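Numbering (the numbering used here), first residue to last: 3 to 253.
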């Protein structure tokens, strides 16, 4: 991760390309993208957003770090919880593993080891209101998809495999930026209405294959009137970000 380059030019290009997307939506959003071959990244927006269920990637990463520290494999029960938590976004499984990792303190400690600096776990068992940034979610994706990581190769492969088996009804999001039919995308989405406003948080993070390369993409949003409009916003932002990164590469 140390050799990644945050390219101001790419961030400026993202600002230009995503400006019309922002103007066409009443919601707030932030996007971060990394070309895994050139290691060039860019970001648009610097706000902090509730994670909803994308935090489940962090919860599993924390569990894997904990197991490695203890010199043991995951138990059968932990593996069962992990599978349904990532593949089906099961909340009960996430709560069980949240307790196993030590709750908010355990998640914050794991995030710190993985290089996240602006993410704070939700309190009182409310893992879905963990606050994060697109840059931090890109850092988390690098920890999962890059060799330079506190996670072992086996742990990274396990997490990537689960993210590649997300059920079809939850395969929206950053997959919209993939070439062809979106196959090969490995992702995790999150969505929830906010109690205070009724407006929706809709997020998507993952690895997207496009044009013979792989891109890591994180899109966070809040303020959509309903889930469908939030999904549409996230998908448009992801498509625009990857297309911008591809065009920037060819300059």
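We treat Cβ as the ideally placed atom computed from N, Cα and C, and that holds for glycine. Note that the structure is a prediction, hence the values are computed from the model and not measured.
Query: Backbone CA spacing between residue 166 and residue 234 [nearest angstrom]; Result: 21 Å
Query: Residues near residue 98 by beta carbon distance below 7 Å, same chain, minus five either side; Result: 83
Query: The alpha helix (DSSP H) enclosing residue 82, as first and last residue numbers; Result: 78 to 89
Query: Residue 142 beta carbon less than 9 Å from that of residue 118; Result: yes
Query: Complete runs of the alpha helix (DSSP H) confined to the stretch 3 to 84 [at least 4 residues]; Result: 10 to 25, 57 to 71
Query: Whole-Å CB distance - residue 69 paired with residue 224, under 8 Å assumed; Result: 33 Å between Cβ atoms; not a contact.
Query: Reduced DSSP category for residue 169 - H, G, I as helix; E, B as strand; rest coil; Result: coil
Query: Nearest candidate by alpha-carbon position, reference residue 59, set 240, 95, 74; Result: 95
Query: Rounded separation between residue 221 and residue 53 - CA only; Result: 11 Å
Query: Contiguous beta strand (DSSP E) assignments of at least 3 residues, all confined to the stretch 182 to 238; Result: 188 to 195, 202 to 212, 215 to 226
Query: Alpha carbon of residue 199 to alpha carbon of residue 228, nearest angstrom; Result: 11 Å
Query: Simplified DSSP state of residue 133, which is helix, strand or coil; Result: strand
Query: contact_flag[the stretch 243 to 250, the stretch 29 to 46] where n(CB pairs < 8 Å) is 3 or more; Result: yes
Query: Alpha carbon of residue 57 to alpha carbon of residue 149, nearest angstrom; Result: 21 Å
Query: Contact belief for residue 140 with residue 218 at Cβ below 8 Å, rounded distance in angstroms; Result: 6 Å
Query: 8 Å contact criterion, which residue 90 and residue 169 should meet: CB distance rounded; Result: 6 Å
Query: Residues that DSSP places opposite residue 122 in a beta bridge; Result: 133
Query: Between the CA atoms of residue 65 and residue 133 - distance to the nearest angstrom; Result: 19 Å
Query: Residue 143, DSSP secondary structure in three states; Result: helix
Query: CA-to-CA distance, residue 153 to residue 108, given in whole angstroms; Result: 15 Å
Query: Where residue 106 falls: helix, strand or coil (DSSP); Result: helix
Query: Cβ separation of residue 121 and residue 48, assumed to be a contact under 8 Å, to the nearest whole Å; Result: Not quite, the Cβ-Cβ distance comes to about 13 Å (not below 8 Å), so this is no contact.
Query: Helix, strand or coil at residue 152 [DSSP, three-state]; Result: coil
Query: 8 Å CB neighbourhood of residue 194 in its chain, flanking five on each side removed; Result: 52, 54, 55, 130, 202, 203
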